[in-house]
Amino acid sequence: MKRILPIILMALAFNLHAQSPEALVQKGNDAYNRSHYDTAIAAYTAVLDAGYESATLYYNLGNAYYRQEEYGQSILNYERALRLKPNYRDAKQNLDLVCSKTEDEIAPLPELFIVQWGRSIISWFSPRGWRILLLCLALILGALLTLFILSNDYRTRRSSLIAGIVILVLIITCSACSVAASIRYNSHDKAIVTSPMVVVKSSPETGSIDKLVLHEGTKVDIQETIGEWHKIHIADGNTGWVEQSEITII
145 MKRILPIILM ALAFNLHAQS PEALVQKGND AYNRSHYDTA IAAYTAVLDA
195 GYESATLYYN LGNAYYRQEE YGQSILNYER ALRLKPNYRD AKQNLDLVCS
245 KTEDEIAPLP ELFIVQWGRS IISWFSPRGW RILLLCLALI LGALLTLFIL
295 SNDYRTRRSS LIAGIVILVL IITCSACSVA ASIRYNSHDK AIVTSPMVVV
345 KSSPETGSID KLVLHEGTKV DIQETIGEWH KIHIADGNTG WVEQSEITII
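Residue numbers (the numbering used here): 145 to 394.
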């Protein structure tokens, strides 16, 4: 039996990779609906391994891991869904639910209101969404400029000029948001603890002093990397070093 099991697993993996992404997603959905969460996870992961990703795919994978009570992997995939689609309400709600089940209760440092407000605005759209909005605003500005040039009516020219200035200000603001959203999307400085328990060290070596202990599902910022070690920053202001294998980048 021990010799047959690896052969069965290899055959299953080959069969999954031989299918189209659409068929794999449907296979995963069917397996999830039948409560076969291991099969669903394998199918969704095969799609990702083939180079396809979407917010919905990460969301479904997060749900499957949640049903298996693998909260670290569940949080990781909800975060990845929100990276692609920041305004994904279902992913945000499920993320909050899973985070409430994690062991670490970390109180974040207070932020200035304007910082929170700015981060909230940037999260309205993905980088692509901001670019589409910018294109629409540019078209409106072009129409207003055309109206201003061609119209002989004073009130029409005045109204189009005022509206054009407002649209120009919106374009500048949205451009800044688009750049910030792109930086946020392309950055790989945030990670999730995916090991059951992680001892945070004072320096990047096994024999260094233990600073604190983190558990599966905790979100951290990566500040520096040396060899196989990451220097992390936690929401409460604490910092330390962990091995790369103990966290997974979002």
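A virtual CB, placed ideally from N, CA and C, is assigned to each residue, including glycine.
- In the structure shown, the three-state DSSP call for Ala379 is coil.
- By the neighbour-count criterion, in which a residue is buried when 16 or more other Cβ atoms sit within 10 angstroms of its Cβ, Thr338 is buried.
- For Asn296 and Arg272, the gap between their C-alpha atoms comes out near 38 Å.
- Distance from the Cα of Ile265 is smallest, within the candidate group Val310, Leu314 and Val357, for Leu314.
- A direct Cα-Cα distance of roughly 16 Å separates Asp240 from Asn204.
- Contact annotation, Tyr215 with Lys245: C-beta distance approximately 6 Å; criterion of less than 8 Å satisfied.
- In the three-state DSSP reduction, Gln260 falls in the helix class (H, G or I).
- Here the C-alpha atom of Trp274 lies approximately 18 Å from the C-alpha atom of Gly286.
- Counting only the Cα atoms, Val342 lies some 28 Å from Pro230.
- Linking Ser179 to Ala186 through their CA atoms gives a straight-line distance of about 13 Å.
- In the displayed model, Leu358 falls within a strand according to three-state DSSP.
- Counting only residues of its own chain and dropping the five nearest sequence neighbours on each side, Tyr232 has a CB closer than 6 Å to the CB of Ala199, Ala225 and Leu226.
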